Amino acid sequence: MALRMWASSTANALRVSCASTAHLSPSLSLSRCFSSVLEGLKYASSHEWVKVEGPVATIGITDHAQDHLGEVVFVEVPDAGGSVTQGSRFGIVESVKAASDVNSPISGQVIEVNSKLSESPGLVNSSPFEEGWMIKVKPSNLSELESLMGPKEYTKFCEEEDAAH
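This is the structure:
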């Protein structure tokens, strides 16, 4: 993990990019060679992802976001039963480098929180799309998904954002 984070930071500093990812699994594409961007998810410009499966939307922070944060040491999420609003803060992620607000990519009612994160906040680093999810929401307005980016748009967004820094 430490080597991957070092390699990602080094590649970013050197402006290394991937010329082709055609040999990779079709469900996976890469940004900056090391950060994963998955198909089937929608992405917010504030670096959160959402995956809608039936009546439930799972939300977390992206691999790109966790990579820039560094080692996550604390995660704050809301209680189940509350509501979230698109673009508004619902939680906080603290790392050894910084603390960052987590915004909801969609509006809805929180139906489940990832209780594992209180004991193991590093799941956000090691498995941001699977074990490190933050909340599950019953969406109140699925049309909000249209304002979010798909994988290709998000990859381009991250590359442009990194190039500007």
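Each residue of the sequence shown is one higher than the one before, counting from -12 in my numbering. Beta carbons are placed, not taken as given, at the ideal position from N, Cα and C, and that holds for glycine. These numbers come from a predicted model, not from an experiment.
Roughly how many whole angstroms lie between the Cα atoms of L132 and K84? 31 angstroms
Report the option in V43, G27, A150, G74 whose CA atom is closest to the CA atom of S134. G74
Minimum C-alpha distance to K123 - residue among P138, Y30, G47: G47
Next on the checklist: Tell me whether the segment 88 to 95 and the segment 110 to 118 touch, counting them as touching only if at least three CB pairs, one residue from each stretch, are closer than 8 angstroms.
Outcome noted: no
Q) Which ranges does the beta strand (DSSP E) cover as unbroken runs of at least 3 residues, wholly within the segment 40 to 64, from first to last along the chain? A) 43 to 48, 59 to 63
Q. At which residues does the beta strand (DSSP E) containing S87 begin and terminate?
A. 86 to 90
Let me check understanding here. Comparing Cα to Cα, which of E35, V89, E26, V62 lies closest to L104?
V62
Exercise. Give the range of the alpha helix (DSSP H) segment to which F77 is assigned.
Key: Careful: F77 lies outside any alpha helix (DSSP H), inside the beta strand (DSSP E) at 76 to 82.
Query raised in the report: Counting contacts by CB-CB distance shorter than 8 angstroms, is F61 in contact with chain D?
Result: Structure shown: chain D not included; a single protein chain is present.
**Prompt:** Roughly how many whole angstroms lie between the Cα atoms of D88 and G27?
**Reply:** 24 angstroms
Enclosing alpha helix (DSSP H) for E140 [first to last residue]: 138 to 151
- Task: Using three-state DSSP, classify S114 as helix, strand or coil.
- Result: coil
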